[in-house]
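Structure, as structure tokens:
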Amino acid sequence: MNFYFKVLEQIQNEEKKVDLLTRNIIDALYQMITFLQNLLYEVRSTSSKKGFNNQEEEIYFFKKIKPQILGKLIYYNKIYRIETNCPFQEGKMYYNFFSKQLVNLKREFMEHICSSDFYRYYRSGRKDRDETYFKRGNINFHEGLNSVVFEIDPEFSTFYDYKIARIISSELLYSYLITKINPDEDSENGILKSENSQKDLSWTDSKNALIELIYALYASGAISHGKIGIRKLSLVFQILFKIPVGDVHHSFHRMKSRSGSRTIFLDYLKLSLEEYMDREI
1 MNFYFKVLEQ
11 IQNEEKKVDL
21 LTRNIIDALY
31 QMITFLQNLL
41 YEVRSTSSKK
51 GFNNQEEEIY
61 FFKKIKPQIL
71 GKLIYYNKIY
81 RIETNCPFQE
91 GKMYYNFFSK
101 QLVNLKREFM
111 EHICSSDFYR
121 YYRSGRKDRD
131 ETYFKRGNIN
141 FHEGLNSVVF
151 EIDPEFSTFY
161 DYKIARIISS
171 ELLYSYLITK
181 INPDEDSENG
191 ILKSENSQKD
201 LSWTDSKNAL
211 IELIYALYAS
221 GAISHGKIGI
231 RKLSLVFQIL
241 FKIPVGDVHH
251 SFHRMKSRSG
261 SRTIFLDYLK
271 LSLEEYMDRE
281 I
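Quick note, in full-length UniProt numbering, the sequence shown goes up one by one and the last residue is 281.
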């Protein structure tokens, strides 16, 4: 699995070179699409030759690894199509164009993604049907699946890895469209406009750790005197680190029911800081 983890690191490193907040992004988007397409082909070739050591590896690959690659590919391709169809670079028509794209995204998300049983399964963090959803050869055509299922490679897809990829791409695209419509909404986005700020920043801990930090900042009122909502705060971090945080509310409720410490990451931060202080004495 080390090869696949390195692939995800490659994507992070390549994304540091892409500044989505500049006006001339068409070439950069095309290069990113080509990079991800080649990377996905390389991953497909490797998985075909080496296979997986056990069922757990196969499930993890199709649930966690491949959707990240495919989701980013779908995301950048959608941005490319949007940007190459954008009529102007500023003005009322410019913002109306992106506003319409946001409306279309919300409609597509409501009609084809969040209304499904699988979406609720994925968002709730369940694992009881992972063998059905993320092992190859288990596609059930009696469920009346989308016709795209006939176009997938059954040796490199369970179909549901594609569905997760669509969720990831939709979340990222939502963040992107929000920044295009409201580029100067408030000071929280100021850091995102810096030419080099995004290139040097990436979240390298778990997604749950980031959500725990976001909620801690929200609950403490440490940002904007507590006048920023949790959804907006999570959006800022999502854009800043280019990582889809998903449904933070569901993740938070799962944290509340943890056995043992409910603030694992914050405890780790406190311990790390104290150890650092001791070394600096």
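Just so you know, even glycine gets a beta-carbon here, dropped at the ideal spot from N, CA and C.
Rounded Cβ spacing between residue i and residue j (contact assumed at less than 8 Å)
i    : j    : result
I113 : S170 : 6 Å
I69  : V148 : The pair is not a contact, with the Cβ atoms about 17 Å apart (cut-off 8 Å).
V18  : M1   : About 26 Å; that fails the 8 Å criterion.
F3   : T46  : 6 Å
F265 : L217 : In fact, because the Cβ distance is near 12 Å, the residues do not count as touching under 8 Å.
D267 : S261 : 6 Å
I243 : K207 : 7 Å
S10  : L40  : The residue you asked about is not Ser; residue 10 is Gln in the sequence shown. No, Q10 and L40 are not in contact; Cβ-Cβ is about 12 Å, not under 8 Å.
Residue i in three-state terms, based on DSSP
i    : result
E195 : Interpretation of E195 is limited by its pLDDT of 47, a score under 50 that renders its predicted location unreliable; the figure taken from the coordinates is listed afterwards. Coil.
I243 : coil
R126 : coil
S206 : coil
V18  : coil
M1   : coil
L266 : helix
S224 : helix
W87  : Note that residue 87 is Pro in the sequence shown here, rather than Trp. Here P87 sits in coil by DSSP.
S261 : coil
D161 : helix
P154 : coil
N189 : Note that N189 scores a pLDDT of 44, beneath 50, so its modelled location is shaky; the value from the coordinates is reported in the next line. Of the three classes helix, strand and coil, the one that applies to N189 here is helix, per DSSP.
R81  : helix
K92  : helix
K135 : coil
I25  : coil
N54  : coil
N104 : helix
L73  : helix
N13  : helix
Same chain only: Cβ atoms within 8 Å of residue i, ignoring 5 sequence neighbours per side
i    : result
I211 : S234, V245, V248, S251, F252, M255
Y83  : Reading off the sequence, residue 83 comes out as Glu, not Tyr. I25, I26, L29, listed in sequence order.
E185 : Caution applies to E185, whose pLDDT of 48 falls short of 50 and renders its modelled position unreliable; the value that the coordinates give is listed next. There are no such residues.
F241 : L201, S202, W203, L210
I139 : L145, V149, P154, T158, F159
Q37  : L73
Sub-7 Å separation of residue i and residue j beta-carbons
i    : j    : result
Y133 : Y160 : yes
F62  : I181 : no
P87  : A165 : no
I59  : D130 : yes
I168 : G71  : yes
L269 : L173 : no
E15  : F35  : no
F118 : K163 : yes
R81  : F156 : no
Cβ neighbours of residue i in the same chain (closer than 6 Å, five flanking residues each side left out)
i    : result
T158 : F62, F134, R136
F52  : E58
Q12  : S202
N77  : I33
Cβ shell of residue i (< 7 Å), same chain only, five flanking positions each side left out
i    : result
I74  : A165, R166, S169
L102 : L177, I181
G125 : R254
C-beta neighbour in chain D for residue i, strict 7 Å
i   : result
F61 : In the structure shown, chain D does not exist; there is a single protein chain.
Near the ligand FMN: residue i beta-carbon under 6 Å from a heavy atom
i    : result
L240 : Summarising the ligand content, the structure contains no ligands, and the ligand FMN is consequently not present.
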